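Here the structure is laid out as structure tokens; the discussion comes afterwards.
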Amino acid sequence: MRDKIEKLLSEVEQLAAKREQEVEEIRIRLLGKKGSITQLFDEFRNVLPEQKRELGQVLNSLKIAAVNKIEQLKEMLDESMESEGSAFDLTKPGDSQELGSRHPISVTRREILSIFSKYGYEVAEGPEIEDDWHVFGALNFPPEHPARDMQDTFFITEGDNPILLRTHTSSAQVRAMERISLPIRIVCPGRVFRNEAISARAHCIFHQVEGLYIDKQVTFADLKQAVLLFAREMFGENAQIRLRPSYFPFTEPSAEVDVSCNICGGKGCNICKGTGWLEIMGCGMVDPNVLEANGIDSTQYSGFAFGMGIERIAMLKWQVKDLRLYFENDIRFLKQFETVV
Ligand code: DAH
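Encoded structure:
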């Protein structure tokens, strides 16, 4: 019996396995119900009492050696599986993840804001749900004034100072004049709402950036220069601007700004409808009534304001022909603008 034990012991020491199943087979062969070590334990019952002590010890150490060996084989297999990646094939090409891209309206808004931030304008925002005073009253739209019809409004409540969805970001000017001490130099981006039927050229939700500069001795020449610098950064260094007289209740004088058509360079094409010019924003000198309504002494201070539609600027920059594309979230459209890295 002693020989058998020693033979098995040297066998156990040399055991090796390449697969988990082989380890299991070894376990059954040695320690299973009919395994060779199990059989030795059966035989051990018949060993003479005076040999029991000595043989018992070697038999037990054989069993311990076998159990340890099997454990060790399993661990080695696990480790080599990890390093060879047999469960996961690390050499396979990965499934690449699609990168998102910024929405063209965000791209344009960020560009507009970054241009103005270089000239010292700070970003100031206001609420989308506003009251009549901030959207109209403080901006020199008297009650019942026909200028209110220029912006068909979604009202939320009725009464003297109804709650409504802002129709322009000019309301953020008013909030800024209430909050910020002079001088003020801000740009106000945001969403605006008008009761308009949705078409290629109009939408009930769109985005604007409003600008406001108030200080001592601000002049129309300053306004013109600010608009020119913006147009050149946005549409290229050869861009020209022209100002056409216009009307807004909150500015006097008021103007509409055209930029030379960046497609035909001013010669006339179907984008600029043959005129060579594209309208980009409204602007003007802040009406003294607006300054006074917001507690600013109009004999000491003057200012200019401007407002532009972000969709419109983006359309002109990339020749997007239909406003609805901005809201449909068709990935083929959205992917063309900027990839976020
Ligand atoms: N609030 C005007 C609109 O939505 C745009 C505008 C025009 C803003 C002239 C201005 C401005 O600040 O001076 O149509």
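Take the position in the sequence shown, starting the count at 1, then add 263; the result is the number in my numbering. Cβ atoms here follow ideal geometry from the backbone N, Cα and C, with glycine treated the same way. For clarity, every value in this text was computed on a predicted model and none was experimentally measured.
From residue i to residue j, what does the alpha carbon distance come to, in whole angstroms?
| i | j | result |
| --- | --- | --- |
| Lys281 | Asn592 | 54 Å |
| Met571 | Leu427 | 21 Å |
| Gln480 | Tyr564 | 7 Å |
| Val604 | Asp550 | Bear in mind that the predicted position of Val604 carries a pLDDT of just 43, short of 50, making it too unreliable to give a figure here. |
| Pro446 | Ile477 | 6 Å |
| Leu325 | Leu340 | 23 Å |
| Gly566 | Asn533 | 36 Å |
| Leu506 | Thr420 | 38 Å |
| Val386 | Pro452 | 8 Å |
| Gly319 | Phe307 | 8 Å |
| Val330 | Gln314 | 24 Å |
| Thr562 | Pro406 | 26 Å |
| Phe600 | Ile375 | 15 Å |
| Lys270 | Lys355 | 46 Å |
| Lys584 | Phe590 | 13 Å |
| Asn424 | Phe404 | 13 Å |
| Ser377 | Phe351 | 47 Å |
| Trp581 | Ser444 | 38 Å |
| Gly389 | His408 | 24 Å |
| Phe379 | Val522 | 17 Å |
| Asn323 | Thr301 | 11 Å |
Could you give the first and the last residue of the continuous beta strand (DSSP E) run that contains residue i?
| i | result |
| --- | --- |
| His397 | Unbroken run through His397 is the alpha helix (DSSP H), 395–398; no beta strand (DSSP E). |
| Arg448 | 447–456 |
| Gln284 | First-last for Gln284: 283–294, but that is the alpha helix (DSSP H), not the beta strand (DSSP E). |
| Pro516 | 514–523 |
| Leu353 | Here Leu353 belongs to no beta strand (DSSP E), and DSSP marks it neither H nor E. |
| Asp478 | 468–478 |
With a cut-off of 8 Å on the beta carbons, I'd call residue i and residue j a contact; round off their distance for me.
| i | j | result |
| --- | --- | --- |
| Thr514 | Met548 | 6 Å |
| Ile504 | Leu475 | Wrong, their Cβ atoms sit about 19 Å apart, outside the cutoff. |
| Thr371 | Ile576 | 6 Å |
| Leu597 | Arg464 | 20 Å between Cβ atoms; not a contact. |
| His470 | Glu574 | 6 Å |
| Arg429 | Phe456 | 7 Å |
Figure out for me which residue from the options has the closest Cα to the Cα of residue i.
| i | options | result |
| --- | --- | --- |
| Gln284 | Leu336, Gln414, Phe404, Glu574 | Leu336 |
| Thr416 | Arg290, Val472, Cys467 | Cys467 |
| Gln436 | Glu407, Asn458, Leu402, Arg457 | Leu402 |
| Phe569 | Glu385, Val490, Val398 | Val490 |
| Val310 | Arg265, Met497, Leu362 | Arg265 |
| Ile526 | Phe379, Glu361, Leu579, Ala484 | Leu579 |
| Ile268 | Phe351, Phe304, Glu388 | Phe304 |
| Phe613 | Gln277, Val520, Val398 | Within the shown structure, residues of the chain are numbered from 264 to 604, placing residue 613 beyond reach of any answer. |
| Ile333 | Thr482, Arg454, Phe498, Val286 | Val286 |
| Ala460 | Phe483, Gln414, Ala502 | Gln414 |
| Tyr382 | Gly528, Ala518, Glu496, Pro516 | Glu496 |
Could you give the residue range of the alpha helix (DSSP H) that holds residue i?
| i | result |
| --- | --- |
| Tyr589 | 588–591 |
| Phe596 | 594–597 |
| Leu491 | 483–498 |
| Thr371 | 367–381 |
| Thr301 | 299–307 |
| Leu619 | With the chain represented from 264 up to 604, any question about residue 619 goes unanswered, as that position is not in the structure. |
| Leu541 | Run containing Leu541: none in the alpha helix (DSSP H); it sits in the beta strand (DSSP E), 540–549. |
| Val231 | This structure does not reach residue 231, given that the chain is present from 264 up to 604, and the question cannot be answered. |
| Arg575 | 573–581 |
Would you check if the segment 534–541 and the segment 551–558 touch, i.e. whether three or more CB-CB distances between them fall below 8 Å?
no
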